[in-house]
Amino acid sequence: MITHIVMWKFMEEADGRPKAENMARVRTRLEALRPLVPQILAMEMHPDIGSDREPYDMVLITCFANKEDLKAYQNHPAHKEVSRFVSSVRSARAVVDFQTDL
Numbered sequence: 146m147i148t149h150i151v152m153w154k155f156m157e158e159a160d161g162r163p164k165a166e167n168m169a170r171v172r173t174r175l176e177a178l179r180p181l182v183p184q185i186l187a188m189e190m191h192p193d194i195g196s197d198r199e200p201y202d203m204v205l206i207t208c209f210a211n212k213e214d215l216k217a218y219q220n221h222p223a224h225k226e227v228s229r230f231v232s233s234v235r236s237a238r239a240v241v242d243f244q245t246d247l
């Protein structure tokens, strides 16, 4: 199994909207991918709870059967559209992908 983790820092304001609203818009768009991308085995998103001095604002955790399914997700037109939107409202991004034998 491949776990794909993405963390974002959002701009205080972007696209004429405040950070909290843009975070909600990102969440809605990501949730809409589940029925469109059959390779997604699991998906969850969480905002930061504020326990660190320099946190990222949100984390996305998705699971895939293998690397090919992760690539299919990344190349899916709906994912690319969401990715473009996220890029317009975030200030930083960090990613880690790892494999487990679950």
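Be aware that the sequence shown starts at 146, since it is given in my numbering, and climbs by one per residue. Ideal Cβ placement from N, Cα and C applies to all residues, glycine included.
- DSSP places Val227 inside the alpha helix (DSSP H), whose first and last residues are 222–234.
- Put simply, the backbone Cα of Pro163 is about 15 Å away from that of Arg172.
- Nearest Cα to Met156 within the set Ile150, Thr148, His149, Ala165: Ala165.
- The Cβ atoms of Ser236 and Lys154 lie closer than 8 Å to each other.
- Assignment of beta-bridge partners to Thr148 by DSSP yields Cys208, Phe243.
- Glu189 is bridged by DSSP to Ile206.
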